[in-house]
Every structure is written in structure tokens, then in C-alpha cells.
Amino acid sequence: MDDRDFLQFIANVKKLTGIDLALYKEAQMKRRLTSLRVKRGYSSFVQYFEAISKDKELFYEFLDRMTINVSEFFRNPGRWEVLENKILPRLARQSPRLKCWSAACSTGEEPYTLTLLLLKHRWEASLLATDIDEGAIAKAKQGVYTDRALQDCPKDLLNKYFQKDSLSYRVADEVKNRVTFRKHNLLADPFESGFDLIICRNVMIYFTEEAKHELYQKFSRALRPGGVLFVGSTEQIFQPQQYQFETEDTFFYRKLG
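To get my numbering, take the position in the sequence shown, counting from 1, and add 218.
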């Protein structure tokens with residue numbers, strides 16, 4: 219299979235969806251999508267593109283594979299403790315109603331985790347949660363999760379805000395109703411501004427260095443001075459000052475100004 223086939227696929231996907239796969243790390247993306255194409259029985263990316271452009275189920279499966287929707291509540295619990303005990307109290311002292319954004323929110327575990335903390339401490343907030351994958355957003359709105367997704371959720375919050383079914387847990391409407399879910403392409407769509415907190419974890423690792431650089435600049439502009447960007451455990455920003463950030467704690471960056 220020559221590279222032209224994959225490059226044509228990238229061009230076609232961009233035309234169809236506005237998603238620019240060239241901004242993702244190529245080897246990773248190509249390997250992932252090749253295994254999906256072969257699994258579905260298509261001998262070339264040209265054929266595979268024709269199929270996903272006609273079949274909604276195949277298209278959502280492609281998006282799902284591209285964005286790797288793996289998430290859980292309180293992922294890396296120690297970082298959420300820092301958010302709860304250090305970052306959010308400072309932000310809440312500075313602003314009576316916090317404006318928060320969970321970017322690349324996948325199937326909802328992250329924005330719902332934040333909501334649980336906001337409810338626990340009675341912090342007033344608006345919470346936007348966005349993802350490029352409409353299938354992931356649909357699952358997030360349903361709010362049904364497995365035991366595995368909730369293994370790090372504190373028991374008191376689990377008992378208070380989830381209803382246990384035979385095989386799953388359903389998040390309470392009180393939690394769901396506090397989150398506004400919306401489709402959004404981080405690499406192409408405009409950002410709102412004036413955020414106190416932006417959480418974007420475990421997605422930057424898939425992007426090229428150029429795309430990351432552009433995103434950090436956009437996140438910085440979207441935060442108010444003193445606002446915080448919370449990133450994933452493999453996504454340390456090595457020169458935060460170039461984006462008008464300073465390190466407030468490990469994986470937490472405060473906007474200067």
C-alpha cells in the first residue's frame with residue numbers, strides 16, 4: 219500500500235469533516251486506522267473512505283478509533299486531589315461563579331468528575347464539555363458507566379450521585395444537568411474566552427508539536443488571568459512562559475497577567 223493512498227484519505231477526510239489528520243502524529247494514526255480498515259475488509263484507504271462517507275456507523279467507528287475514547291472517573295486521583303484542595307479553592311475565592319471547560323471530554327467521565335467536586339463543595343459554576351466525536355458525546359449524555367470507569371470514584375460520591383443497575387451505574391440528573399455538551403474540533407473551531415479552568419488531558423499526545431504549540435496558545439488566550447489549564451500526566455509543558463503560563467502544581471498551569 220503506497221503513501222499516496224493514505225495522503226488521499228487525509229485530504230478526503232478533511233474535505234468531508236473539517237478534521238485535519240495531518241495535525242496528528244502520522245505513524246500512530248496510520249497504524250490505528252490501518253488495523254481498523256483491514257478489520258472491516260477494505261483493501262485500500264480510498265475504498266475505506268467511500269464506505270465511511272456513506273455508512274454512519276462505520277464513520278462513528280472511525281471517529282472513535284481516531285480519538286481513542288478511553289477515560290474514567292478521577293483518572294490519576296492524586297491530581298484531582300490537588301484540583302480539589304488547592305486549585306479550585308483559589309479560583310472560587312477569585313470568582314463567585316466559575317467558568318469551566320472540559321475539552322476533548324470523550325464519554326463524559328472527566329466533566330462529571332469535576333461536577334462531583336463542584337457539588338461537594340457547593341461551588342457555583344458553568345461547565346462546558348466538548349468533543350469532536352458525536353458518538354462519544356451521545357454516550358456522555360446518557361451517563362451510564364461500568365464498574366471499571368468508577369473504580370477511583372470516592373464511595374460517598376458514588377453512593378450519593380449514581381444509581382446502580384445490574385451491570386452499570388447511571389449518573390444522577392443533578393450531575394448531568396450541570397454540564398453542557400457540545401461538538402467541537404480543537405484544531406479547527408474557535409474557542410470561547412474568560413475561562414477560570416480548562417481541563418484538557420490525554421489528548422495532546424496524539425498531536426504534532428506544531429499542533430500542540432498552536433493549541434497551548436489558544437488555551438492561554440481562552441483563560442482569564444489567574445485561570446488554570448489542567449493537562450494529562452504525560453503532557454508536561456516544558457516552557458510554560460512562552461504561552462504566558464507559570465506552573466502552579468504538577469500538570470497545572472496558571473495564566474499570567
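The beta-carbon is built from N, C-alpha and C at its ideal position, and this holds for glycine as well.
Residue i and residue j closer than 8 angstroms at C-beta
| i | j | result |
| --- | --- | --- |
| Arg442 | Lys473 | yes |
| Val397 | Leu345 | yes |
| Asp414 | Lys304 | no |
| Tyr424 | Gln246 | yes |
| Leu332 | Ser320 | yes |
| Leu405 | Leu234 | no |
| Phe224 | Phe263 | yes |
| Asn403 | Ile237 | yes |
| Ile416 | Leu385 | no |
| Lys436 | Phe409 | yes |
Helix, strand or coil at residue i [DSSP, three-state]
| i | result |
| --- | --- |
| Ala322 | coil |
| Gln381 | strand |
| Glu453 | coil |
| Ser313 | coil |
| Asp349 | strand |
| Leu441 | strand |
| Phe292 | coil |
| Phe448 | strand |
| Thr465 | strand |
| Ser261 | coil |
| Arg472 | strand |
Residue of the options minimising C-alpha distance to residue i
| i | options | result |
| --- | --- | --- |
| Val389 | Phe409, Gly361, Phe399 and Leu306 | Gly361 |
| Lys359 | Glu392, His339 and Lys436 | Glu392 |
| Cys371 | Lys338, Glu352 and Glu342 | Lys338 |
| Asp351 | Lys430, Gly444, Phe399 and Asp273 | Phe399 |
| Leu335 | Leu376, Lys357, Gly353 and Pro408 | Leu376 |
| Glu342 | Glu427, Cys318, Met284 and Ala322 | Cys318 |
(request) Could you say if the region 345–358 and the region 319–332 meet the contact criterion of at least three C-beta pairs nearer than 8 angstroms? (result) yes
(message) I want to know whether the region 256–275 touches the region 449–468 - three or more CB-CB distances under 8 angstroms.
(response) no
(message) Pairs of beta-carbons, one from the region 291–298 and one from the region 360–375, closer than 8 angstroms: are there three or more?
(response) yes
(request) Could you tell me which uninterrupted alpha helix (DSSP H) segments, each at least 4 residues in length, are contained entirely in the region 366–437, listed from first to last along the chain? (result) 373–379 and 391–394
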